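Taking my numbering, the leading residue of the sequence shown gets 1048, the next gets one more, and so forth.
Just so you know, even glycine gets a beta-carbon here, dropped at the ideal spot from N, CA and C.
A quick note: this is a predicted structure, and the numbers were derived from the prediction, not measured.
A quick write-up on the structure given underneath.
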Amino acid sequence: MRNLLRSGFSRLWRSKLLYLGILAVAAQVAYTLVNNLHYKSLWGLEELTAINLIFAGTQLLPIVLAGFISFFVGVEYGDKTIRNKLTVGYTRSAVYLANLIVCAAAALIMYVAGSGLVIAIGAPLLGGFSGVPYVLILQILCSCLTVVALMAVLLLCAMLITNRAVGVVVSILIAVGLVFLITPELDNMLSAPEMIGGWSYTVNGVLYEVPVQPNPDYLSGFGRVLAQFLHDLLPTGQLYQYGGSEILPCDLALFSLYSVLLIALTAVVGIFFFKRKDLK
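The structure is reproduced here in structure tokens:
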């Protein structure tokens, strides 16, 4: 296992994709910082600080990770490296877990690079880090666990698809679907108010009142419980919530629990099917 990790990290440090991933996440964070600095100076929004942007890189991160992991693992399939590792005596479980650890390190490096840019550049420009609440520190630590869970899901896909091109397409489609379709839709469903109306407007001097009434789009009952569960379970849902409203300590505990379970579950499932996979 030690030799597997040594060779894995050696390949990671030489990987241009790792540095391209860091650059992509950092570029999105830098754009967000510049954009917010512009509007803060334009509109005088003193409440807009760097502390609000600590999770700015998390929207692009899943897509970057999908591309990186599928390429990183796909190269091993293409070069027959995985088969060679098994030939010299390494177990399939060890090979899978070594890739899990190496890819987790890569994911955290990309994530920390983006967050570090907010602190290093955003803090002097926008302020907001003079008195950092302990809850934010817990959010950052727990979000690292969320990033590892996201990586574990993408690694499962990459390890079970031997064709690199197919693996890249499938992984990126999964990431795009989670980031731009499923997670925003779940958030919209859960954020719809229970009641609507209660306002008035005037047209040609005539006052019209809209009475308070139930919102037909409000999700209730089992549907709401299921939507909330999925929103909290999915790593992209957790990252979305970290970057939004205030997160309570009980939410952090729940998110961390879900992340640990997701990492364990994907590892068990991945190893189970990887052991039975025919590596030609």
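Residue environment, residue i, which counts as buried when at least 16 other CB atoms sit within 10 Å
| i | result |
| --- | --- |
| Val-1072 | buried |
| Ile-1101 | buried |
| Phe-1319 | exposed |
| Ala-1103 | buried |
| Cys-1297 | exposed |
| Arg-1323 | exposed |
| Leu-1192 | buried |
| Val-1194 | buried |
| Ile-1184 | exposed |
| Val-1142 | buried |
| Tyr-1287 | buried |
| Ala-1311 | exposed |
| Asn-1083 | buried |
| Gly-1068 | buried |
C-beta atoms of residue i and residue j nearer than 9 Å
| i | j | result |
| --- | --- | --- |
| Phe-1118 | Val-1215 | yes |
| Gln-1106 | Val-1217 | no |
| Ala-1154 | Leu-1112 | yes |
| Met-1122 | Asn-1146 | The residue asked about is misnamed: residue 1122 is Val in this sequence, not Met. Not in contact: Val-1122 and Asn-1146 (Cβ atoms no closer than 9 Å). |
| Leu-1133 | Leu-1326 | yes |
| Tyr-1265 | Glu-1232 | no |
| Phe-1115 | Met-1048 | no |
| Leu-1295 | Gly-1284 | no |
| Ala-1152 | Phe-1056 | yes |
| Leu-1052 | Ile-1148 | yes |
| Ala-1239 | Ile-1110 | no |
| Leu-1089 | Ala-1314 | no |
| Leu-1059 | Val-1182 | no |
Candidates the options: closest to residue i by CA position
| i | options | result |
| --- | --- | --- |
| Leu-1281 | Leu-1301, Met-1157, Phe-1115 | Leu-1301 |
| Gly-1161 | Ala-1199, Leu-1080, Leu-1133 | Leu-1080 |
| Ile-1166 | Lys-1132, Thr-1134, Val-1076, Gly-1244 | Val-1076 |
| Tyr-1248 | Phe-1115, Pro-1258, Met-1236 | Pro-1258 |
| Cys-1150 | Asn-1262, Tyr-1289, Leu-1064 | Leu-1064 |
| Val-1316 | Leu-1203, Asn-1050, Tyr-1066 | Leu-1203 |
| Pro-1261 | Leu-1164, Ile-1110, Gln-1285, Gly-1244 | Gly-1244 |
| Ala-1274 | Met-1236, Val-1250, Phe-1056 | Met-1236 |
| Ser-1140 | Met-1206, Arg-1058, Tyr-1086, Leu-1188 | Met-1206 |
| Cys-1189 | Leu-1089, Gly-1290, Ser-1267 | Gly-1290 |
| Val-1159 | Ile-1168, Ile-1187, Thr-1138, Val-1135 | Ile-1187 |
| Leu-1164 | Gly-1268, Arg-1061, Ala-1074 | Ala-1074 |
| Tyr-1137 | Ile-1229, Ser-1054, Arg-1271 | Ser-1054 |
| Ile-1168 | Phe-1269, Tyr-1078, Arg-1271 | Tyr-1078 |
| Asp-1234 | Val-1272, Asn-1210, Arg-1061, Asn-1050 | Val-1272 |
| Asp-1279 | Pro-1263, Gly-1270, Thr-1230, Gly-1268 | Thr-1230 |
| Val-1135 | Asn-1050, Leu-1070, Ser-1062 | Asn-1050 |
Please go through the region 1220-1307 and give each complete alpha helix (DSSP H) segment of 4 or more residues, from N-terminal end onward. 1230-1238, 1268-1280, 1282-1289
Quick check: the region 1124-1134 against the region 1303-1314, are there 3 or more CB pairs under 8 Å? no
For the region 1250-1263 against the region 1191-1206, are there 3 or more C-beta pairs whose distance is under 8 Å? no
I'd like the ranges of any alpha helix (DSSP H) spanning at least 4 consecutive residues and lying wholly in the region 1078-1160. 1108-1125, 1128-1134
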